[in-house]
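S.K.:
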Amino acid sequence: MGNIVKINTKWLNDMSFESEVNGHKIILDASSEVGGNDKGPRPKPLMLVALAGCTGMDVVSILKKMRVEFDELRIEVQGEMAEEHPKFYTKMKIIYYVKGKNIKKENVEKAVKLSKEKYCGVSALYSKAIPLEYEIKINE
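For what it's worth, our numbering labels the leading residue of the sequence shown as 1, then goes sequentially.
1) Compute the Euclidean distance between the alpha carbons of M92 and V60, then round it to the nearest angstrom.
2) Does the segment 37-56 touch the segment 65-85, meaning 3 or more C-beta pairs lie closer than 8 Å?
3) Can you confirm whether V49, when its beta carbon is compared against all beta carbons of chain C, has any partner nearer than 8 Å?
4) By DSSP's criteria, T9 is part of a beta bridge. Which residues make up the other side?
5) Select from L28, K44 and P43 the residue whose C-alpha is nearest the C-alpha of N37.
6) Given this structure, state the Cα-to-Cα distance separating I103 from G35, to the nearest angstrom.
7) Which residue comes first and which comes last in the beta strand (DSSP E) that contains K99?
8) Rounded to the nearest angstrom, what separates L114 and P41 at their Cα positions?
9) For the candidate residues D14, S19, K44 and Y89, whose alpha-carbon lies nearest to that of E33?
10) How big is the Cα-Cα spacing for A52 and N107?
11) Could you check if L63 is buried or exposed, using at least 16 other CB atoms within 10 Å of its CB as the buried criterion?
12) Check each candidate in S31, A50, K39 and A30 and name the one with the smallest Cα separation from V21.
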């Protein structure tokens, strides 16, 4: 069996929960329309955060190894949600915004491809269940 990763989540009150991840606490909550108090993010959008963080760390690491100098990397992840219950993401799109001088798109494309095909465990798992689309925008 592989490495075991464990988190603990405890109910606080109403629809509010506290999770501890790597020694950091995250409050999860629902909107007031469904009995929550909006004290924190909803769980499903955190799936988008996980994908952005995973691929973002890969892309930064790969670009630095390629000695690509960039001023900014921003990642937008869009999730298309099913309309009926259970509501889940039916597709995701990842848009990489890279700013800097003399950024070559092919370098960013290579970094994104390596993240997608080799390094990012989140996208590897998600891609087994839903389509993932990728887009790169330089200096926009």
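Glycine residues also receive a C-beta, built at the ideal position from the N, C-alpha and C atoms. Remember, predicted model here, so these are calculated numbers, not experimental data.
M.R.: According to the structure shown:
1) Taking the first residue of the sequence shown as position 1, residue 92 is located at position 92. Taking the first residue of the sequence shown as position 1, residue 60 is located at position 60. Rounded to whole angstroms, M92 and V60 show a C-alpha spacing of 21 Å.
2) Output reads yes: the segment 37-56 touches the segment 65-85.
3) Included in the structure is just one protein chain, with no chain C present.
4) Your numbering for residue 9 matches position 9 in the sequence shown. According to DSSP, which records beta bridges pairwise, T9 is partnered with S19.
5) Along the sequence shown, read from residue 1 onward, the residue named residue 37 stands at position 37. Residue L28 is the option with its Cα nearest to N37.
6) As a first step, residue 103 is located in the sequence shown; it is residue number 103 there, counting from the start. As a first step, residue 35 is located in the sequence shown; it is residue number 35 there, counting from the start. So the two alpha carbons sit approximately 48 Å from each other.
7) Taking the first residue of the sequence shown as 1, we reach residue 99 at position 99. Annotation for K99: the continuous beta strand (DSSP E) segment containing it runs Y89 to K99.
8) In the sequence shown, residue 114 corresponds to position 114, counting from 1. In the sequence shown, residue 41 corresponds to position 41, counting from 1. Each residue's CA atom was taken as its position, placing L114 and P41 some 30 Å apart.
9) The count along the sequence shown starts at 1 and reaches residue 33 at position 33. Nearest Cα to E33 within the set D14, S19, K44 and Y89: D14.
10) As a working note, residue 52 is residue 52 in the sequence shown. As a working note, residue 107 is residue 107 in the sequence shown. C-alpha separation (whole angstroms): 19 Å.
11) Here the question's residue 63 lines up with position 63 in the sequence shown. The Cβ neighbour count for L63, taken over all protein chains shown within 10 Å, is at least 16; the residue is labelled buried.
12) Translated into the one-based positions of the sequence shown, residue 21 becomes position 21. Nearest of S31, A50, K39 and A30 to V21, Cα basis: A50.
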